[in-house]
Amino acid sequence: MQNKEFLKGVKAATPIFLSYFSISITFGLIIKSFNLNGILAILMSMTNFTGATQFISANMLVKNFSIFNIAITTFIINSRYFLMSFCISQKMSKFKFIEKLLFSFGITDEIFVLATTQDKLSKSFLLGAQLYSYFAWVLGTIVGIILADFIPIQIIEAAGISIYIMYLTLLIPKITSNSKYLIAAIISISFSIFFKYTPFINEMIGYFRIILSIILSAIIAAIIIPIEENNYKMEEVINEY
């Protein structure tokens, strides 16, 4: 029974595998285009498993952001996983505490949707889905690093634009579906531009401007354009993915 559930989880995660594998190949290529160590990319994929955040972190590393700035930015961007883990934990009443901690590492946007759509979430099913997806992410990163040695440097360098494409693919669906997201984005962009091009402020806070922009825009947006609690249902969150 457990083997069947495990294989069921693997099968259900096949679309995730294909998506993660292709994206992580790009991540491996980008790391090489930045002249960063390939081992670093593999370690990032093995220990972070955070998708877009790894692209952002790589970009910040190249621009000499401090480890503190990268860590805080990663924490803020990934804070949504607190909510996702809390929601999935409702289906884990029979899981041991240590098991919940281990499974929390494998929670991604896509795994979250997959798990929440199951009537009964078994350990074997979730383990199969998470391991298969994790394997795709790490394997794709390794393949990308290897391919970088055989692909013309011009193509590898052009892969760097995929970072900004990924940013846009995350942002555009949000701002086109709800004007509140658009306003929040404009507020954040305005703060970032202000901090960057105001000489004495830029010299004082440096790259910390990104974190300040995120925090300040989130606070202001929450005050002037809050999302009504009654309209923010979990079904809508799932449908967004």
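If you read the sequence shown in numbering that gives the first Met the number 0, its first letter stands for residue 0, the second for the next number, and so on. Where a beta carbon is used, it is the ideal one built from N, C-alpha and C, also for glycine.
query	result
For N50, three-class secondary structure by DSSP	Here residue 50 is Gly; the residue named in the question, Asn, does not match the sequence. Note: G50 maps to coil in three-state DSSP.
Same chain, Cβ closer than 6 Å to M45, five either side skipped, listed in chain order	V137
Touch test, the stretch 126-133 against the stretch 58-77, Cβ-Cβ under 8 Å, three pairs minimum	no
Secondary structure of G37, DSSP reduced to three states	helix
Buried versus exposed, by CB contacts within 10 Å (16 or more), I24	buried
Whole-angstrom distance between L42 and S212, CA atom to CA atom	29 Å
Any non-hydrogen atom of the ligand SAM closer than 7 Å to L170 Cβ	With respect to the ligand SAM, the structure shown offers nothing to examine, as it has no ligands at all.
N- and C-terminal bounds of the alpha helix (DSSP H) containing N2	Q1 to A11
Close beta carbons around I174, own chain, < 8 Å, minus the five adjacent residues each side	Y180, L181 and A184
Buried versus exposed, by CB contacts within 10 Å (16 or more), K62	exposed
Classification of R79 by the beta-carbon crowding that lies within 10 angstroms, buried from 16 upward	exposed
Per-residue burial, M83 [other beta carbons within 10 Å of its own, 16 or more giving buried]	buried
N230 burial status per 10 Å Cβ neighbour count (16 or more: buried)	Reliability fails at N230, whose pLDDT of 48 lies under 50, so the model's placement of it is uncertain and the value that follows must be treated cautiously. Burial call: exposed.
Boundaries (first-last residue) of the alpha helix (DSSP H) holding P198	P198 to I204
Buried or exposed (CB count within 10 angstroms, at least 16 for buried), T116	exposed
Whole-angstrom C-beta distance between L215 and F190, which should lie under 8 Å	5 Å
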